[in-house]
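Asker: Letter by letter, the sequence shown follows residues 281 to 478 in the working numbering. Note that beta-carbon positions come from the ideal geometry of N, C-alpha and C, so glycine has one too. Take this structure first; my questions come after.
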Amino acid sequence: MKELIVATKNKGKVLEFRQMFSKYNISVKSLLDFEEEMEDIEETGTTFSENATIKAEAVSKQFQLPVVADDSGLVIDALDGAPGVYSARYAGEEKDDEKNLQKVMHELEGVPMEKRTARFVCAVAVARPGEGTFVKKGYCEGFIAGEPSGTNGFGYDPIFIPKGSQRTMAEHSSEEKNAISHRHHAIQQIEDWLKHQS
């Protein structure tokens with residue numbers, strides 16, 4: 281079984297990646313699995329792709345293993361693309377899902393449903409020692425609900441309704457979510473590389 285590291289401490293993301301990689305017979309470790317303390321990597325990029333690359337390469341260099349890192353977020357058309365790359369810290373430096381949700385809801389007050397279009401964007405970077413890094417992107421189109429609903433998922437899931445659904449992402453099961461998520465679409469694009477790892 282091949283081993284790779286997913287460069288995140290987000291338990292929700294780790295679970296999603298483990299479920300998606302299991303069919304490739306790949307053992308996934310996250311930054312939560314290592315005793316040595318990883319310093320927070322400064323995400324200085326201005327795009328999802330740049331931030332994913334920065335994370336993947338920093339962790340790969342430290343452990344000399346293939347590393348998958350993603351940078352993802354919510355892009356809302358009525359807010360000129362915000363929260364975008366600042367999705368995790370939209371309401372302040374401390375990552376707080378609830379405050380982030382409330383800030384988006386507040387900013388969209390009075391915006392009619394047809395103008396609440398949005399998409400989740402995910403850039404997945406794969407850094408390989410001595411082989412360079414490549415990045416693939418995935419999207420999940422939808423719109424922002426009038427109020428939060430659902431308890432499954434994390435981040436902006438309770439306010440995001442995927443295209444073709446009447447339910448928020450947080451009202452979908454993990455299996456349903458994994459089949460349509462931006463992360464799933466990005467990982468699908470690295471499947472050729474994954475198949476050769478198992």
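1) For the structure I just gave you, are there three or more beta carbon pairs, one from the region 373-385 and one from the region 330-350, closer than 8 Å?
2) Hey, is the region 357-370 in contact with the region 334-348, meaning 3+ C-beta pairs nearer than 8 Å?
3) Kindly list the residues whose CB is nearer than 6 Å to the CB of Gly292, restricted to its own chain and excluding five residues on each side of it in sequence; keep chain order.
4) Suppose you measure from the CA of Leu359 to the CA of Lys282; what does that come to, to the nearest Å?
5) Spell out the partners DSSP gives Asp351 in its beta bridges.
6) Thinking C-alpha only, which one of Lys443, Leu284, Phe423 is nearest Val355?
7) Let me check understanding here. Comparing Cα to Cα, which of Ala450, Asp472, Asp320, Lys309 lies closest to Phe414?
8) Take the Cβ of Thr431 as the centre, count every other Cβ of all protein chains shown within 10 Å, and call the residue buried at 16 or more, exposed below.
9) Would you mind stating whether Tyr419 and His386 have Cβ atoms separated by less than 8 Å?
Answerer: Quick answer:
1) The region 373-385 makes no contact with the region 330-350; the number of CB pairs closer than 8 Å stays below 3.
2) Proximity of the region 357-370 to the region 334-348 falls short of the contact definition, fewer than three beta-carbon pairs being nearer than 8 Å.
3) Counting only residues of its own chain and dropping the five nearest sequence neighbours on each side, Gly292 has a CB closer than 6 Å to the CB of Phe434.
4) Leu359 and Lys282: Cα-Cα distance of roughly 42 Å.
5) Ala403.
6) A check of alpha carbon separations from Val355 across Lys443, Leu284, Phe423 identifies Phe423 as the nearest.
7) Among Ala450, Asp472, Asp320, Lys309, the Cα nearest to that of Phe414 is on Asp472.
8) By the 16-neighbour rule on beta-carbons within 10 angstroms, Thr431 is exposed.
9) In this structure, His386 does not lie closer than 8 Å to Tyr419 by Cβ.
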